[in-house]
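J.: The sequence shown stops at residue 512 when you use this note's numbering, and every number in between is there.
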Amino acid sequence: MPVLENARQGRQLATDIVRFTRRSARRYQRSRISWGTRFVDAYSWGLGIAVSLTIAASFVLALRNEIALRASSAGSIIQEQWLVLPEPVLWTSVTFAVLLVISNLARKLGPMTVNGAEATWWLTLPVDRRPMVLPTFLRKLAITTAGAAVFYLPFSLVTAVGRAPVEHVPAALTFGAGAALAVVLAAVQQLGLLESRLGKAITTAILLGCSLLTALWPSPLPTAVAIAAAVGLVALVVPRVGMVRGDELVRGGAVAGHAGASLFMMDTNEVLRALGGSQKRLDGGKAARFYARPAHGPLTALIRADVVAFLRLNPPILPPVLWIAACIAILLVDGGLPEFAQLAVIMIAGCATSSGMGTVSRKTALVPELDALLPIHPALVRGSRTLMPCAAMALWMTLLSGLLVLLGAANPALMGVGALAGVGMGAGTLRAATRTAPDWSAPPVETPFGPVPRAQLGSLMRGLDVTILAMVPLMVALYLGYVPWSVVAVQAVFSAGIFLVVVLTRPKRG
């Protein structure tokens, strides 16, 4: 009885501390914002959201009608559909991939976290941690569930044209329950209730089942099953949230705070650094023999160091392979997306893959003063940084273009165009890694969507602009169905120009 009484008193004390801290923070924030400012902000946000939702709804309905009226083999950029992929398989795979992304982000950010001030003020107290951690965990769980259900609804409207309107709601609710399961399973692994590999295997199996229920069985029964599983896991986790180790709470809070602040400041490089900071490094002995060879001059040594760093620090080969598989699956699906949407998917895959090749550039961009100390011209230093991303993207684009040629998208000259496009895309990774911080002194521009930070968006697009520009001739060749020599020449000029501009332009420092 004394032990239970002490535990109850400790829990009540922790609850009072949390309530006092958050009440004081809200009072302080309210004292700094007037009612007029709140009204203007609410009006601007409401107007922008309403206009955005109207345009998004119009786009979804137009795309839904386009897919519904489209024949299974008409309007595609390929001519030989040697394999027809059923639509349910593709959309189930997309649903499963999104649930895996949610689970991966939940593990990195930590479902149960505390920020820096809370770690200093709360974790040092000898009281129960559950009142400190539980409200934030439940809030993240509710936001993730509601957001996933809302965003899946237009996806279901576009991809499942044959469903009755009533069937889209259970599918969205099932997907929301699957997102909740992803977060709760990440919390189970954070608590250490499951070994790492076993936890990942169980999570993958459960999320696969949720994706199958969402895409193939849109009815109240699977929704009830998914919700019951999520509620059962929440009931298992909630009594144990106070058992999370303090270092794990601090780690998750640091990653979440870093990523959240980077998103607020519109700095994608910092977002990638925050999410990649917890990744395990590759084997330090990789390319050791190549690195140990004697170098003939500082430029050769720098190139060798950049090659070894690229091999050791870059992400695994699986994501680029999955992006190629996604591009091919979009083309082979029976009654899939129209031609412009297929080209858009290929461009998104290229941009995502090229962004993943800039790990070394983003790390070296943190301390540019070290590059200034090298006894080499700055243009040669930037050229060395760009060498491996260009080679990797040229190889990736050649593989993708070769598969498109096999499917009859164009003649074999498309592979050469793809290799040249990869050079420009690889150069775009260095331009993105060395972008300046957004200039927040520039005022936003008023638009029908609300205030738009034009100067900050310009900084955000740096690097992505040349990556898209490098893919334009390739997209033109895919749209035409063959590769004229003029397209090859334009692609060579574009890629060479992008490479020279990136290498010869000294990045500005804010």
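Ideal Cβ positions, reconstructed from N, Cα and C, are used throughout, including at glycine.
Among the residues of its own chain, which have a CB less than 8 Å from the CB of Pro90, if the five just before and after it don't count?
T.: Only Ala217, Leu218 meet the Cβ criterion.
J.: Quick check on this structure: which residue in Gly483, Pro446, Pro370 has the alpha carbon closest to the alpha carbon of Arg508?
T.: Closest option to Arg508, Cα to Cα, is Pro370.
J.: How about Gly180 and Val190: are their beta carbons less than 8 Å apart?
T.: Not a contact, by the Cβ cut-off of 8 Å.
J.: For Trp124, collect the residues of the same chain with a Cβ closer than 6 Å to its Cβ; drop the 5 residues on either side in sequence, then sort them by chain order.
T.: Met134, listed in sequence order.
J.: Can you check DSSP and say which residues form a bridge with Val447?
T.: Note: Val447 sits in a beta bridge opposite Val454.
J.: Taking the straight line between their C-alpha atoms, what separation do you get for Val240 and Leu136?
T.: Going by the C-alpha atoms only, they are around 7 Å apart.
J.: Mapping DSSP to helix, strand and coil, what is Val273?
T.: Three-state result, Val273: helix.
J.: Pop quiz: Met427 and Met395 are said to be a contact at Cβ under 8 Å. What is the actual Cβ separation, rounded to whole angstroms?
T.: With a Cβ gap of about 5 Å, Met427 and Met395 count as contacting.
J.: Straight-line CA distance for Leu193 to Val478?
T.: Taking the straight line joining both Cα atoms gives about 52 Å.
J.: With a cut-off of 8 Å on the beta carbons, I'd call Ser403 and Leu422 a contact; round off their distance for me.
T.: Contact flag wrong, Cβ pair sits at about 10 Å.
J.: For a minimum of 4 consecutive residues, which ranges assigned as the alpha helix (DSSP H) are wholly contained in the segment 331-371?
T.: DSSP runs (the alpha helix (DSSP H)) wholly in the segment 331-371: 341-358, 361-366.
J.: Counting C-beta neighbours from all protein chains within 10 Å, is the total for Asp130 16 or more, i.e. buried, or is it exposed?
T.: Flag for Asp130 reads buried.
J.: Hey, quick one: how far does the alpha helix (DSSP H) through His260 stretch, first residue to last?
T.: Start and end: 248-266.
J.: Whole-angstrom Cβ separation of Pro445 and Gln458, contact assumed at under 8 Å?
T.: At roughly 11 Å, the Cβ-Cβ gap does not stay under 8 Å, so Pro445 and Gln458 are not in contact.
J.: Per DSSP, what kind of secondary structure is Ala73 in: helix, strand or coil?
T.: Caution is warranted here: a pLDDT of 47 is assigned to Ala73, below 50, making its placement in the model unreliable, and the coordinate value is therefore given only provisionally. The answer is coil: DSSP assigns Ala73 none of H, G, I, E or B.
J.: Determine, using beta-carbon pairs with one atom in the segment 429-439 and one in the segment 348-367, whether at least three such pairs fall under 8 Å.
T.: Touching, yes.
J.: Excluding five sequence neighbours on each side, which residues of the same chain lie with their C-beta closer than 7 Å to the C-beta of Pro4?
T.: Because Pro4 carries a pLDDT of 46, less than 50, the predicted location of this residue cannot be relied on, and the following value inherits that uncertainty. No residues qualify anywhere along the chain.
J.: Which stretch, first to last residue, makes up the alpha helix (DSSP H) that contains Trp487?
T.: It spans 487-506 - the alpha helix (DSSP H) in which Trp487 sits, taken as one unbroken run.
J.: Please state whether the Cβ-Cβ distance between Thr225 and Leu143 is less than 8 Å.
T.: Cβ atoms of Thr225 and Leu143: not closer than 8 Å.
J.: Am I right that Gln493 and Leu476 are in contact with their C-beta atoms under 8 Å? What's the rounded C-beta distance?
T.: Contact flag correct, Cβ pair sits at about 7 Å.
J.: Could you pull out every residue in the same chain whose Cβ sits closer than 8 Å to the Cβ of His170, ignoring the five residues on either side in sequence?
T.: The residues are Leu155, Ser158, Leu159, Ala162, Pro220.
J.: Just curious, the alpha helix (DSSP H) that His170 is in, first and last residue?
T.: Taken as a continuous stretch (DSSP letters only), the alpha helix (DSSP H) holding His170 covers 170-193.
J.: Leaving out the 5 sequence neighbours to the left and right, which residues in its chain are closer than 6 Å to Ile79 when beta-carbon positions are compared?
T.: Hits under 6 Å: Glu341, Gln344, Ala411, Leu480.
J.: Which residue's Cα is closest to the Cα of Met268: Arg437, Met473, Gly38?
T.: Comparing Cα-Cα distances from Met268 to each of Arg437, Met473, Gly38, the minimum goes to Arg437.
J.: Is it buried or exposed for Leu6, if we count other Cβ within 10 angstroms and need 16 for buried?
T.: Residue confidence for Leu6 is low, a pLDDT of 47 falling below 50, so the modelled location carries little weight; the figure read from the coordinates is stated next. Result: exposed.
J.: Tell me which same chain residues have a C-beta within less than 7 Å of the C-beta of Leu506, skipping the five on either side of it?
T.: For Leu506, where only same-chain residues beyond five positions count, the Cβ hits under 7 Å are Ala381.
J.: Taking contact to mean at least 3 C-beta pairs separated by less than 8 Å, is the segment 225-234 in contact with the segment 103-116?
T.: No: fewer than three Cβ pairs fall under 8 Å.
J.: Going by C-alpha to C-alpha distance, which of Phe501, Gly259, Leu301 sits closest to Gly112?
T.: Out of Phe501, Gly259, Leu301, Gly259 has the C-alpha closest to the C-alpha of Gly112.
J.: Report all residues from its chain with a CB closer than 6 Å to the CB of Ala99; omit the five preceding and five following residues, and keep chain order.
T.: Around Ala99: no qualifying Cβ.
J.: Give me, in chain order, the residues of the same chain whose beta-carbon lies closer than 6 Å to that of Gly385; leave out the 5 immediate sequence neighbours on both sides.
T.: Closer than 6 Å at the Cβ level, and outside the excluded window around Gly385, lie Val505.
J.: Check whether the Cβ atoms of Leu333 and Leu238 lie closer than 8 Å to each other.
T.: Their beta carbons are not under 8 Å apart, which means Leu333 does not touch Leu238 by this criterion.
J.: Does the Cβ-Cβ distance between Ile500 and Val474 come in under 8 Å?
T.: Going by C-beta atoms, Ile500 is not nearer than 8 Å to Val474.
J.: What residue range is occupied by the uninterrupted alpha helix (DSSP H) comprising Val398?
T.: According to the sequence shown, residue 398 is Trp rather than Val. It spans 380-408 - the alpha helix (DSSP H) in which Trp398 sits, taken as one unbroken run.
J.: Going by other Cβ atoms of all chains shown within 10 Å of its Cβ, with 16 needed for buried, is Ala166 buried or exposed?
T.: Classification of Ala166: exposed, given that the 10 Å Cβ count is below 16.
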